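Reviewing the structure listed below.
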Amino acid sequence: MSSRRKKTTPAGAAVLPSLALLLHALRGEVIALELESGALVRGTLVESDAAMNILVERVEFRDPQGVTSRAAMMQIRARQVYFFSLPADWDVDAELALQVRQHVTGAAEGL
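For the sequence shown, the residue numbers in mature numbering (1 follows the signal peptide of the UniProt record, and there is no 0) are -32 to -1, 1 to 79.
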């Protein structure tokens, strides 16, 4: 028998502002990513998950040697992302507050 105890938290208690929530809030926005390989990716964020895996469309990809290519869609694993940039006119505080409210409300409705 395992001595490990299952962690329980009140609804919404685990929903804190995080990079995953921030990235999720960027759906529909054009984002720029630098990958661990040094490649650059720019495209419209379609979806991201809690692990920060990313799906972008209308992609412009520039490899580390500077060769540019385009793709309709690209899936990027979180561990490949070195950093991502936010749109300059994006209100981070307002978007994070909205995401937290939506997640807390969703968790409370699921009870």
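A virtual CB, placed ideally from N, CA and C, is assigned to each residue, including glycine. In this text, all values refer to a predicted model and were calculated from it rather than measured experimentally.
Pop quiz: residue i and residue j are said to be a contact at Cβ under 8 Å. What is the actual Cβ separation, rounded to whole angstroms?
i     : j       : result
PHE29 : VAL9    : 6 Å
ILE44 : LEU(-7) : About 13 Å separates the two Cβ atoms, so there is no contact after all.
GLY11 : VAL27   : 4 Å
ALA20 : ALA46   : The question names Ala, but residue 20 in the sequence shown is Met. Right, their Cβ atoms sit about 4 Å apart.
Sort the options by Cα distance to residue i and report the nearest one.
i        : options                            : result
HIS(-9)  : ALA7, LEU13 and MET42              : LEU13
MET42    : ASP57, LEU3, LEU(-12) and ALA(-13) : LEU3
LEU(-14) : TRP58, ALA18 and ALA7              : ALA18
LEU(-12) : LEU23, SER16 and GLU(-4)           : SER16
ARG38    : VAL60, SER53, PHE51 and VAL24      : VAL24
GLU(-4)  : ALA40, GLN70, SER53 and ARG69      : SER53
ILE(-2)  : ARG69, PHE51 and ALA65             : PHE51
Can you name, in chain order, every residue of its own chain whose Cβ lies under 6 Å from the Cβ of residue i, other than the five neighbours on each side?
i     : result
ILE22 : SER16 and ILE44
Looking only at its own chain, which residues have a Cβ that is under 7 Å from the Cβ of residue i, when we skip the five neighbours before and after it?
i        : result
GLN67    : LEU(-12), HIS(-9) and ALA(-8)
PRO(-23) : With a pLDDT of only 45 at PRO(-23), under 50, the local geometry of the prediction cannot be trusted, and no value is derived from it.
Identify the residues that DSSP records as bridge partners of residue i: which are they?
i     : result
GLY11 : ILE(-2)
ARG30 : LEU8 and THR36
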